[in-house]
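Heads up: the sequence shown begins at 2 in this note's numbering, then just goes up one per residue. Yeah, the Cβ is synthetic: ideal placement off N, Cα and C, and Gly gets one too.
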Amino acid sequence: KPTRSISGVSVIAVMTAPELKCPHGVCTFCPKGEGASQSYTGKEPSSRRSKMNNYDPYKTVENRLWQLKRIGHPVDKVELIVQGATFTSAPPEYQEIFIKSCTEAMLGHRLSTWNEVSKEAETSKVRPVGITIETKPEQCKPEQLNKILELGATRVEIGVQTVYDDILKATNRGHTVQDSIGATQRLKDCGVKVNYHMMPGLPGSSFEKDLHSLKEVFDNPDFRPDMLKIYPTLVIEGTTLYQQWKRGEFTPLSNEEAAEIIVKAKKHFPPWVRIMRINRDIPSTEISAGILRTDLRELVKERQKELGVECHCIRCREVGHRAQKDGIYPQNVEVRELEYEASSGKEIFISAEDFENGILIGYLRLRFPSDSIFRPEITPETALVRELHVYGPEVPIGETANERAFQHRGYGKKLLARAEGLSREKGFKKLLVLSGIGAKQYYKKLGYDYDGVYMRKLL
């Protein structure tokens, strides 16, 4: 599928060992398939791949790279996604062995230490340009974040689910709304991109509460994630929720109700958020009740058309998607900034867009952090680049783009220069980039140097 690399990277998802548990226990809705990672049924595509390789991270990545190459995808820019259980609460040694093995598979051989692996991965043919970790809000303490930063993490997905404490308690989530707010701030203040999982239709919720939750995470500056996955509640056999449903104590959302909530919420989504996914990638054969349509996103789009609702999120404006879906290519590209308060700091979303046609080529997330910083590299005079992404089909490293691709055309350089200028104007003395391991050489060429886990330019 061209969509696999149309956003500029090839995504490889790898499951943690089934033995890994969440420290707080089990959420009432959480599936745990036989021999599967916590919170997965074992039937999802990424689960099946990991299972097939006996949950060996090296073999799983090696096998997926081979598959992607075989079907014609360039694989030199890889976004690694670590799924299953609560990774940041796993023993630090396990975390290191896991990420090291995944990265070694990209290199094609084993090495002794993580330092050797990460150094070689900066210039290898297949490079990890981003590493995503799935975890829970209460497991984002400074020492836990320091560990994943050492291992090259650039994005964290946290299960926020709702903005109501009583619903979190009723579903045995093991965290509070305040934990979500604290985790969001700490993640942004060390330069990490934040992806929320939100779950409409939980026990004790309602149409109004679900809609309020999805609006509140953008209206309230204490939240404001960079990305969002919307996973309406599913009833899966073997869960506490399944028993509640069997006893008639719980009624899940229908396909239409879920679509209605999402469409109404989409009106309020800002242009700096990317809706990564709508509905979980679980086969309908595994779902006892709830959303039985695996193409919920399509139903949402149909309902949007009926109601005349336009979505302005990043995914709906990406140049690759617009070209593939509407046959529209950008004409007049401009660079503009959008400022907003978030997590006690200031965010500036700098984007290169054809604003007339609503086509996004690339963007940069610049943060002036809060006063609660905990990383030694970040001083009060430091600004942070949390993300730099140029869209369109993935262009292999070292190659120039054709007229239908937008990577390697100087847009990234232009966005970075604007971030440097804005930071200098505001009196910041240093700009740090939380770069993916495989993107560090790009910043080196632009005059950046190593500074702990970051790339640094003195302004």
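Under the three-state DSSP convention, the category residue i falls into
{"i": "Asp223", "result": "coil"}
{"i": "Met199", "result": "strand"}
{"i": "Gly439", "result": "helix"}
{"i": "Leu215", "result": "helix"}
{"i": "Glu139", "result": "helix"}
{"i": "Phe375", "result": "coil"}
{"i": "Lys445", "result": "helix"}
{"i": "Thr172", "result": "coil"}
{"i": "Ser344", "result": "coil"}
{"i": "Pro129", "result": "strand"}
{"i": "Val310", "result": "coil"}
{"i": "Glu250", "result": "coil"}
{"i": "Ser11", "result": "strand"}
{"i": "Ala290", "result": "strand"}
{"i": "Ala260", "result": "helix"}
{"i": "Gln68", "result": "helix"}
{"i": "His390", "result": "strand"}
{"i": "Gln186", "result": "helix"}
{"i": "Thr383", "result": "strand"}
{"i": "Val320", "result": "helix"}
{"i": "Lys268", "result": "coil"}
{"i": "Gln84", "result": "strand"}
Nearest to residue i (by Cα), restricted to the options the options
{"i": "Arg128", "options": "Leu215, His322, Val10, Ala86", "result": "Val10"}
{"i": "Arg281", "options": "Met16, Ile231, Thr136, Pro253", "result": "Ile231"}
{"i": "Ile398", "options": "Asp57, Pro75, Ser40, Gly43", "result": "Pro75"}
{"i": "Ile292", "options": "Pro201, Ala418, Ala86", "result": "Pro201"}
{"i": "Gly175", "options": "Pro93, Val157, Val27, Glu311", "result": "Val27"}
{"i": "Glu340", "options": "Val334, Glu348, Asn333", "result": "Glu348"}
{"i": "Leu447", "options": "Leu416, Lys430, Val454", "result": "Leu416"}
{"i": "Ser436", "options": "Lys142, Val193, Lys33", "result": "Val193"}
{"i": "Arg304", "options": "Glu261, Lys101, Lys120", "result": "Glu261"}
{"i": "Asn256", "options": "Ser207, His269, Leu300, Lys120", "result": "Leu300"}
{"i": "Ala18", "options": "Gln84, Leu66, Arg65", "result": "Gln84"}
{"i": "His269", "options": "Asp220, Lys445, Glu342", "result": "Asp220"}
{"i": "Ala384", "options": "Cys23, Tyr56, Asp190, Lys445", "result": "Asp190"}
{"i": "Ser207", "options": "Lys445, Lys430, Thr252", "result": "Thr252"}
{"i": "Gln96", "options": "Leu150, Asn64, Tyr41", "result": "Leu150"}
{"i": "Val12", "options": "Glu63, Glu121, Ala259, Tyr41", "result": "Glu63"}
{"i": "Glu378", "options": "Tyr455, Asp450, Thr114", "result": "Tyr455"}
Whether residue i touches residue j by CB criterion (9 Å)
{"i": "Glu477", "j": "Leu361", "result": "The first residue shown for the chain is 2 and the last is 460, placing residue 477 beyond what the model contains."}
{"i": "Ala86", "j": "Glu139", "result": "no"}
{"i": "Gly439", "j": "Lys78", "result": "yes"}
{"i": "Arg294", "j": "Met228", "result": "no"}
{"i": "Thr124", "j": "Gln442", "result": "yes"}
{"i": "Thr133", "j": "Ile82", "result": "yes"}
{"i": "Phe289", "j": "Val236", "result": "Position check: residue 289 holds Ser in this sequence, whereas Phe was assumed. In this structure, Val236 lies closer than 9 Å to Ser289 by Cβ."}
{"i": "Pro204", "j": "Thr172", "result": "yes"}
{"i": "Thr89", "j": "Leu21", "result": "no"}
{"i": "Pro271", "j": "His322", "result": "no"}
{"i": "Gly453", "j": "Arg366", "result": "no"}
{"i": "Arg419", "j": "Val336", "result": "yes"}
{"i": "Met199", "j": "Leu188", "result": "no"}
{"i": "Arg71", "j": "Thr61", "result": "no"}
{"i": "Tyr330", "j": "Gly363", "result": "no"}
{"i": "Thr241", "j": "Phe30", "result": "yes"}
{"i": "Leu297", "j": "Ala259", "result": "yes"}
{"i": "Lys1", "j": "Ile168", "result": "In the structure displayed, the chain extends from 2 to 460; residue 1 sits before or after that span and is not available."}
{"i": "Phe350", "j": "Glu338", "result": "yes"}
Alpha-carbon spacing of residue i relative to residue j, whole angstroms
{"i": "Pro381", "j": "Lys52", "result": "46 Å"}
{"i": "Glu287", "j": "Tyr243", "result": "12 Å"}
{"i": "Asn116", "j": "Lys148", "result": "13 Å"}
{"i": "Leu112", "j": "Glu105", "result": "7 Å"}
{"i": "Gln162", "j": "Lys458", "result": "37 Å"}
{"i": "Gln332", "j": "Ala91", "result": "49 Å"}
{"i": "Ile222", "j": "Ser344", "result": "The residue you asked about is not Ile; residue 222 is Pro in the sequence shown. Pro222 and Ser344: Cα-Cα distance of roughly 6 Å."}
{"i": "Pro32", "j": "Ala14", "result": "18 Å"}
{"i": "Gly131", "j": "Arg248", "result": "44 Å"}
{"i": "Glu94", "j": "His110", "result": "20 Å"}
{"i": "Ile263", "j": "Leu212", "result": "8 Å"}
{"i": "Gly309", "j": "Val218", "result": "23 Å"}
{"i": "Leu432", "j": "His390", "result": "17 Å"}
{"i": "Gly153", "j": "Tyr412", "result": "24 Å"}
{"i": "Gln68", "j": "Lys120", "result": "26 Å"}
{"i": "Lys306", "j": "Lys326", "result": "15 Å"}
With a cut-off of 8 Å, do at least 3 Cβ pairs link the region 411-425 to the region 371-382? The answer is no - the region 371-382 does not touch the region 411-425, with fewer than three Cβ pairs under 8 Å.
Can you find at least 3 beta carbon pairs, one from the region 38-54 and one from the region 270-285, that sit closer than 8 Å? Flag = yes, the region 38-54 and the region 270-285 touch.
Using a Cβ distance threshold of 8 Å, determine whether the region 350-364 contacts the region 426-436, with at least three qualifying pairs required. Here the region 350-364 makes no contact with the region 426-436; the two share fewer than three CB pairs at distances below 8 Å.
For the 8 Å Cβ check, are there 3 or more pairs between the region 31-42 and the region 88-108? Under the 8 Å Cβ criterion, the region 31-42 does not count as touching the region 88-108, having fewer than three qualifying pairs.
Tell me, please, whether the region 143-159 touches the region 184-196 by the rule of three or more beta-carbon pairs shorter than 8 Å. With a cut-off of 8 Å, the region 184-196 and the region 143-159 count as touching, because enough Cβ pairs lie within range.
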